[in-house]
Amino acid sequence: MKNYNISIIKGDGIGPEIIDEAIKVLDAVAKVCDFTMSYKEYLMGGIAIDETGVPLPEETVVGVLDSDACLFGAIGGEKWDKLDRSLRPETGLLSFRKQVGVYANLRPAVVYNELLNASTLKPEVIKNCDIMVVRELIGGIYFGEPRGNDGQKAFNTMVYTREEVLRIGKKAFELAMSRDKKLCSVDKANVLDVSQLWREVMSELSKDYPEVELTHIYIDNALMQLVRNPKQFDVIVTGNIFGDILSDAASMVVGSIGLLASASLGDKTAVYEPIHGSAPDITGQGIANPIATIQSAAMMLRHSLGEEKAASLIEKAIKGVLKDGYRTKDISLFDAKEILNTSKMGDIIASYVKK
Ligand code: NAD
């Protein structure tokens, strides 16, 4: 029987709560599809600072690179916010992404038609909406040097090389080829030099993908268009900071940030994680929505392990549960038959996983 070695990083806040539910569902689908999963836990973020003194222990990077794929919860929290930047949980996460080389962050924003009422937007505006945001993950202003803050002046550097833009651009064009052949590149080329290079490279690349219709849009307009008429988009490609902001906005098209999964792909490994953070405001209350993490586990089965059938069984189970009216608190505003806590939501999704 096939066995997959999965590295697990639970992290901080709701991280452990949501990862436990994803593991529950992975074990259920493994049983149905005749494979096994072995999990090995690694530390990152605040918990790593508490236990080892650093936000990213070396053995985490080694362990993840040595595994078939990594499932990750979230890191961060107020307790570690006052630490020097080099010691903060977020610095550990950025360094982790860079060291394992996951440059392409795929963030699908797919509306569950079973949940049309969970969005604050009108059902007819979002029905059948299916957007793929491709965010460059290990470059741009989050990584640019020099940077600093002396209390009087603070600065960051936004930098992209032609090679970095080409690499993420190719990924986005290939994804567009496998979907509706529409790619929208988001930048701020009217103001930023780095965006001008970004736009230039995307336009050059489009000559290699003549079937794909490429459009360019500024980030400010992109956010407006996303709320006005999200269905105009298919694949969106953008840099690190714009992708971070845009995908949080896209989560409100879908209904809750607790529903949005992501895959971070590189040449050496891949990391699967919900797009949300550690949600300190709801930690320990049992109200975190585990669906984003369970959906991330489905993406892991599909993209890293080649278990397409298992991935679609999980997706079918999530839809079945939502169709039958089960909700976590964040998506319970209008039409819940029963509001479940985090663990019960994991239980019921696992029980809906059937051949
Ligand atoms: P957040 O995503 O943690 O939370 C934003 C809001 O969404 C909160 O009200 C939260 O309760 C809600 N929310 C998030 N996930 C949810 C879920 N699964 N179910 C229901 N509601 C959910 O963002 P934030 O509050 O800006 O940041 C909190 C901490 O997380 C910070 O320390 C931040 O640096 C960190 N962070 C980590 C990651 C990551 O690990 N990838 C990403 C973003 C933020």
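Counting from 47, one number per residue, gives the positions in the sequence shown under my numbering.
Ideal Cβ placement from N, Cα and C applies to all residues, glycine included.
Once DSSP output is grouped into helix, strand and coil, what is the label at residue i?
i    : result
K390 : helix
F219 : helix
F118 : strand
T261 : strand
D233 : strand
S249 : helix
T207 : coil
Y158 : coil
K400 : coil
S84  : strand
L152 : strand
S378 : coil
N51  : strand
I60  : coil
Going by other Cβ atoms of all chains shown within 10 Å of its Cβ, with 16 needed for buried, is residue i buried or exposed?
i    : result
D58  : buried
F142 : buried
T203 : exposed
F279 : buried
Q331 : exposed
R274 : exposed
V299 : buried
K67  : The amino acid occupying residue 67 in the given sequence is Glu; Lys does not appear at that position. E67 should be labelled buried.
E105 : exposed
M47  : exposed
E170 : exposed
N286 : buried
F118 : buried
A200 : exposed
G341 : Residue 341 is actually Gln in this sequence, not Gly. So Q341 ends up on the buried side.
H241 : Reading the sequence as shown, one finds Ser at residue 241 and not His. Per the 10 Å Cβ criterion, buried.
Excluding the 5 residues flanking residue i on each side, which residues of the same chain have their C-beta closer than 8 Å to its C-beta?
i    : result
S113 : N51, I52, S53, K86 and T315
V100 : A94, L133 and G138
I328 : I60 and A334
Q271 : I263, Q278 and F279
I321 : R153, S293, D294, S297, I303, L306, A307, S308 and A338
G366 : Y398
M223 : Y255, E257 and V258
Using a Cβ-Cβ cutoff of less than 7 Å, which residues in the same chain neighbour residue i once the five nearest sequence positions on both sides are dropped?
i    : result
S302 : A164, N335, D376 and I377
G289 : N151, V179, R181 and E182
A76  : T82 and M83
G190 : N202, T203, M204 and V205
R348 : E354 and A357
L161 : G301, L368 and I377
I172 : V157, L162, S165, P276 and V299
S252 : V258 and L260
Return yes when at least one heavy atom of the ligand NAD lies under 8 Å from the C-beta of residue i, else no.
i    : result
A338 : yes
D376 : yes
L139 : yes
S302 : yes
S249 : no
D196 : no
H322 : yes
G190 : no
E403 : An answer regarding residue 403 cannot be provided, because it is not within the stretch 47 to 401 covered by the chain.
I328 : yes
N335 : yes
A325 : yes
A120 : yes
I60  : yes
D66  : no
G123 : yes
P101 : no
E319 : yes
G91  : yes
E136 : yes
D80  : no
D254 : no
Near residue i, what residues of its chain come up, given a Cβ to Cβ distance below 6 Å and the 5 sequence neighbours on each side ignored?
i    : result
P135 : G91, G92, P101, I121, G122 and W126
My parser needs the beta strand (DSSP E) runs of 3 or more residues fully inside the stretch 280 to 307; what are they?
Taking only runs of at least 3 residues, the beta strand (DSSP E) segments lying wholly in the stretch 280 to 307 are 281 to 284.
Could you name each continuous beta strand (DSSP E) segment of 3 residues or more that falls completely within the stretch 164 to 203, going from the start of the chain to the end?
Counting only runs of 3 or more, we get 176 to 182.
Which complete alpha helix (DSSP H) runs does the stretch 299 to 355 hold, if anything under 4 residues is left out?
337 to 349, all fully within the stretch 299 to 355.
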